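In the order they appear, the protein sequences are chains A and B.
So for the first sequence, my numbering puts the first residue at 409; every next one is plus one.
So for the second sequence, my numbering puts the first residue at 132; every next one is plus one.
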Amino acid sequence: MVDRTIENFDCGHRACGGCGASSAVRMILKGAGKNVIVVNATGCLEVFSTPYPETAWKTPWIHSLFENSSAVASGIEASLKKQGRLEKEKVLVFGGDGATVDIGTQCISGAFERGHDFTYVCYDNEAYMNTGIQRSGSTPYDADTTTSPAGVCSTGNKLPKKDFPQIIVAHGSPYVATATMAYPMDLMKKVETAMKTKGPCYIQVHTPCCTGWGYDGAKTMEIGRMAVECGLWVNYEIIDGKLTTVKKVKRVPVDDYLMAQKRFRHLFKPVRNDAEIAKIQAIADKNAEKYGIDIE
Amino acid sequence: MTMEIMEGSIAVAETVRLCRPQVISAYPITPQTHIVEGLASIVADGRLDAEYICVESEFSALSACIGASAAGSRVYSATTSQGLALMTEVVFNAAGMRLPIVMGIANRAISAPLSIWNDQQDSIMMRDSGWIQLYAEDNQEAIDMHILAYKVCEDHNILLPAFVCFDGFILSHVFEPIDIPSQELVDKFVGPFTPYQKLDVNDPISFGMYATPEYYLEFRYEHDQAVKRAAEAIKKYGKEFGEIFGRDYSELVVGYKLEDADIAIVAMGSICGTVKDAIDEMRAEGKKVGLLNLRCFRPFPSTDVAKALAHVNTIAVLDKNVSLGAKGAVAIEIKEACYGSNIPVYDYILGLGGRDVRKKDIKKIVDLAEKGEGDMFYGLREEVL
Chain A
409 MVDRTIENFD CGHRACGGCG ASSAVRMILK GAGKNVIVVN ATGCLEVFST
459 PYPETAWKTP WIHSLFENSS AVASGIEASL KKQGRLEKEK VLVFGGDGAT
509 VDIGTQCISG AFERGHDFTY VCYDNEAYMN TGIQRSGSTP YDADTTTSPA
559 GVCSTGNKLP KKDFPQIIVA HGSPYVATAT MAYPMDLMKK VETAMKTKGP
609 CYIQVHTPCC TGWGYDGAKT MEIGRMAVEC GLWVNYEIID GKLTTVKKVK
659 RVPVDDYLMA QKRFRHLFKP VRNDAEIAKI QAIADKNAEK YGIDIE
Chain B
132 MTMEIMEGSI AVAETVRLCR PQVISAYPIT PQTHIVEGLA SIVADGRLDA
182 EYICVESEFS ALSACIGASA AGSRVYSATT SQGLALMTEV VFNAAGMRLP
232 IVMGIANRAI SAPLSIWNDQ QDSIMMRDSG WIQLYAEDNQ EAIDMHILAY
282 KVCEDHNILL PAFVCFDGFI LSHVFEPIDI PSQELVDKFV GPFTPYQKLD
332 VNDPISFGMY ATPEYYLEFR YEHDQAVKRA AEAIKKYGKE FGEIFGRDYS
382 ELVVGYKLED ADIAIVAMGS ICGTVKDAID EMRAEGKKVG LLNLRCFRPF
432 PSTDVAKALA HVNTIAVLDK NVSLGAKGAV AIEIKEACYG SNIPVYDYIL
482 GLGGRDVRKK DIKKIVDLAE KGEGDMFYGL REEVL
């Protein structure tokens, strides 16, 4: 059972009001239990939670570099194992989408291949938010970012979102899941499962970013739910390579989700871009078919 | 004392075993040495109870050492050349986090052009990273310095990582008679690892926080002070080492026939052996030449250098590295150390990428220094320029 009284991520940190990642981390640490050592990649979370000499972390925490969290976690796990501490203490990594699907991929691949006993959580806010909203491999198609700006000759990010969880599945991970901070109980339960599963586990968590996506911070939960309801984000669990649970929805068109965010506004103003919106709808349709999310 | 004939890398591996690291993390980037292979078989044979992590890059090798050290284990890795270059970001990070990691460096050249052979450009390029840098003249020193490094690095008044540098091929692949100390003596000298602080759920701390402009300067100052303090720690533990093992390391600079020398050669690493032989021959011809062997490049023992060289009238520095567009890194430091003395300091960049340096070359360099000719690449093949 998830112990919801655990508060290992304290208030007073410097995240934006309405930050999806900070809420997600608070919930994830409830799911992770009491004896967790956190490794944090460079990024928003690291910066807003630990300006020296202040820290929001009430559990052991280490930050080394942007791309090496999985390797650092490998060392911690080996060290705990050698000292006979691994039965009690668990290792949990937090990396943003840039740290995960782009710059940290090699270290992640190595750590998952080696089979260290740890859980890696990618908080996916779909761009490099800490440095000023540049696109990452996890940025969705057509999103307007500072390095994939929409303009006269461009409709924003030209590339589809990288399917990173499937790359982890291919490594033979015993537990791979996707979740969103908009469904807290589901998120906490998945973290609990991952932490209890031996071996390297992976959870990719959708964490809407009011600053980077351009919406009112009061609507973070709502935006998170809209992503699931239109099929652009799918919540599932893959255990030992097999898809075991999927969040089913009565799916709505992608339009409302897109319209609610400034990063997609160019698809609607000055004139509606039907062709591009249809392409995004096709991505949601493909997700629905692949994972069987539609309630008949 | 029992002398055994062993390859340098294997001797280092056997010595690291005696230091009882709990986690070893290594990657065999070309060019690698036999150190990590030696340690792998030592662990496989149950002669050392350690976690051995086969990482997917040198970058991860040192990153894993950071994690393991922060979690309270004694750690070891070894690398060289391109592997060290790839680690650069982690090298600076490990030092800034003040983790007592010991890493063997079998010095080799840096690409491009690709070269697997010896010079000291790799560790020299890390001179500003805040690691202690020790340089061994022979394989006995290479293994002794590994033991000494753990003692110095883990001192709670120091808390720094260290490179133990020994020349690639010239030492790493050479068989020499070596005294591998007993486990009992190494245990007595090094003792178990007692981390200053560690990742522990019973006492949560945050490691590696970021520093705003209000704090960064002070972090760097304290790091610099620690590296400077390491000089005294090396001397203190080097003396203690001598008392236990019979080989003294209480000096960061070691003179050879330097007391009455007119010309001093300054060098680091295995080249010192060649220089000593050349000096013996030159002395027989009546030339008063001596050697100053730099055992420690970081912290740089400026005062010791100035004192040791105060009486000479010419200094010839042998640099197996070059700060392109300036001089060799050692010469720059020696000039700084001797500032105000009016002793001319001539720099000779030599031996890069494995170019052999022989006694006759040392003699020619002394001739050049006597004529006031220096600050040059020595031994260029003019026909290929």
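By construction, the Cβ of each residue, glycine as well, lies at the ideal position given by its N, Cα and C atoms.
Because the structure is a prediction, the values reported are computed rather than measured.
Report task. Under 9 Å between beta-carbons, which chain A residues line up against Ser188 (chain B)? List them in chain order, please. Result -> Chain A residues near Ser188 (chain B): Ala479, Gln514, Cys515, Gly518.
Requested in this report: Check the Cβ of Ser472 (chain A) against every Cβ in chain B and list those closer than 9 Å, keeping chain order.
Outcome: Neighbours of Ser472 (chain A) across chain B, judged by C-beta separation under 9 Å: Ser194, Ile197, Gly198, Ala201, Val221, Asn224, Ala225, Met228, Phe338, Gly339.
Query raised in the report: Met399 (chain B) and Leu425 (chain B): beta carbons closer than 8 Å?
Result: Yes, they are a contact pair.
Report task. Give the residues of chain B in contact with Glu497 (chain A), contact being defined as C-beta atoms less than 7 Å apart. Result -> Chain B residues near Glu497 (chain A): Val332.
**Report entry** Pairwise C-alpha distance: Met256 (chain B) and Cys362 (chain B)
**Finding:** Correcting the residue identity first, residue 362 (chain B) is Ala in this sequence and not Cys. One C-alpha to the other measures close to 20 Å.
**Report entry** Classification of Leu170 (chain B) by the beta-carbon crowding that lies within 10 angstroms, buried from 16 upward
**Finding:** Answer is buried; the Cβ neighbour count reaches 16.
Report task. Can you give me the start and stop residues for the alpha helix (DSSP H) that Phe672 (chain A) sits inside? Result -> It is not in any alpha helix (DSSP H) - Phe672 (chain A) carries neither H nor E in the DSSP assignment.
Query raised in the report: What residues in the region 551-579 of chain A have a beta carbon less than 9 Å from any beta carbon of chain B?
Result: Under the 9 Å Cβ criterion, the region 551-579 of chain A contributes no residue.
Requested in this report: Tell me, please, whether the CB atom of Ile484 (chain A) is closer than 8 Å to any CB atom in chain B?
Outcome: Taking Cβ atoms only, chain B reaches closer than 8 Å to Ile484 (chain A), which makes this a yes.
Query raised in the report: From B:Val305, B:Gly386, B:Asp331, pick the residue whose C-alpha is nearest to that of Ala437 (chain B); which is it?
Result: Comparing Cα positions, the closest option is B:Gly386.
Query raised in the report: Considering only C-alpha positions, which residue in the set B:Lys282, B:Pro159, B:Ala468, B:Gly369 is nearest to Glu382 (chain B)?
Result: Selection B:Lys282, B:Pro159, B:Ala468, B:Gly369 evaluated against Glu382 (chain B) yields B:Gly369 as nearest (Cα-Cα).
Report task. Pull up the DSSP beta-bridge partners for Phe294 (chain B), would you. Result -> DSSP lists B:Met234, B:Gln264 as partners of Phe294 (chain B).
Report task. Determine the burial state of Ser172 (chain B): buried for a count of at least 16 other Cβ atoms within 10 Å of its Cβ, exposed for fewer. Result -> Around the beta-carbon of Ser172 (chain B), fewer than 16 other beta-carbon atoms lie within 10 Å, marking it exposed.
**Report entry** Members of the region 642-669 of chain A near chain B, C-beta cut-off 9 Å
**Finding:** Under the 9 Å Cβ criterion, the region 642-669 of chain A contributes no residue.
Report task. Go through its chain and collect everything with a Cβ distance to Phe306 (chain B)'s Cβ below 7 Å, but skip five positions before and after it. Result -> Contacts found: Ile136, Met137, Glu138.
Query raised in the report: So, is the C-beta of Ser208 (chain B) closer than 8 Å to a C-beta in chain A?
Result: Cβ-Cβ to chain A under 8 Å: no for Ser208 (chain B).
Query raised in the report: How big is the Cα-Cα spacing for Tyr266 (chain B) and Asp379 (chain B)?
Result: The alpha-carbon atoms of Tyr266 (chain B) and Asp379 (chain B) are separated by roughly 15 Å.
Query raised in the report: Within 8 Å (strictly less), CB to CB, does Gln314 (chain B) reach chain A?
Result: So no, Gln314 (chain B) is outside the interface.
Query - Nearest-angstrom Cα separation, counted from His674 (chain A) out to Gly632 (chain A) - result: Roughly 21 Å between the two C-alpha positions.
Query raised in the report: If you drop the 5 nearest sequence neighbours on each side, which residues of the same chain put their C-beta closer than 6 Å to that of His287 (chain B)?
Result: Correct list, in chain order: Tyr327.
Query raised in the report: Does the beta carbon of Lys604 (chain A) sit closer than 8 Å to a beta carbon anywhere in chain B?
Result: No, no contact with chain B.
Report task. Alpha carbon to alpha carbon, how far is Asp525 (chain A) from Ser433 (chain B)? Give it in angstroms, no decimals. Result -> Each residue's Cα considered, the two are about 48 Å apart.
Query - 3 or more residues per run - each beta strand (DSSP E) lying fully within the region 530-558 of chain A - result: Positions of the beta strand (DSSP E) runs, each at least 3 residues long and wholly inside the region 530-558 of chain A, cannot be given because no such run exists.
Query - Proximity below 8 Å, CB of Val443 (chain B) to CB of Ala395 (chain B) - result: With respect to Ala395 (chain B), Val443 (chain B) sits close: the two C-beta atoms are nearer than 8 Å.
Report task. Go ahead and pull the three-state DSSP assignment for Asp354 (chain B). Result -> The amino acid occupying residue 354 (chain B) in the given sequence is His; Asp does not appear at that position. The three-state secondary structure of His354 (chain B), taken from DSSP, is helix.
Query raised in the report: What is the rounded straight-line gap between the Cα of Arg239 (chain B) and the Cα of Asp253 (chain B)?
Result: Going by C-alpha positions, Arg239 (chain B) is about 6 Å away from Asp253 (chain B).
Requested in this report: Quick one: which residues of the region 150-173 of chain B get their C-beta closer than 8 Å to a C-beta of chain A? List them in chain order.
Outcome: So the close ones are Gln153, Val154, Ser156.
**Report entry** Per-residue burial, Phe676 (chain A) [other beta carbons within 10 Å of its own, 16 or more giving buried]
**Finding:** Phe676 (chain A) should be labelled exposed.
Query - 8 Å Cβ cutoff met for Lys388 (chain B) and Leu422 (chain B) - result: Yes, these two residues count as a Cβ contact at 8 Å.
Query raised in the report: So the alpha helix (DSSP H) His442 (chain B) belongs to, where does it begin and stop?
Result: Boundaries cannot be given for His442 (chain B), as no alpha helix (DSSP H) includes it and DSSP labels it neither H nor E.
Requested in this report: Show which residues of chain B have a CB atom less than 9 Å away from the CB atom of Arg522 (chain A).
Outcome: Within chain B, the residues placing a beta-carbon under 9 Å from that of Arg522 (chain A) are Ile184, Cys185, Val186, Glu187, ordered along the chain.
Requested in this report: Tell me, please, whether the region 592-603 of chain A touches the region 502-513 of chain A by the rule of three or more beta-carbon pairs shorter than 8 Å.
Outcome: Because the criterion of three Cβ pairs below 8 Å is not met, the region 592-603 of chain A and the region 502-513 of chain A do not touch.
Report task. Answer yes or no: do Ser208 (chain B) and Met234 (chain B) have a C-beta to C-beta separation smaller than 8 Å? Result -> It is a contact, given that the beta carbons lie within the stated cut-off.
Query raised in the report: Could you give the uninterrupted runs of the beta strand (DSSP E) lying entirely in the region 627-697 of chain A, keeping only those of 3 residues or more?
Result: Fully enclosed beta strand (DSSP E) runs of 3 or longer: 644-647, 650-654.
Query raised in the report: Mapping DSSP to helix, strand and coil, what is Gly504 (chain A)?
Result: Reduced to three states, the DSSP call for Gly504 (chain A) is strand.
Requested in this report: Could you name each continuous alpha helix (DSSP H) segment of 4 residues or more that falls completely within the region 457-524 of chain A, going from the start of the chain to the end?
Outcome: As for any alpha helix (DSSP H) of minimum length 4 sitting wholly inside the region 457-524 of chain A, the runs are 477-490, 513-522, ordered along the chain.
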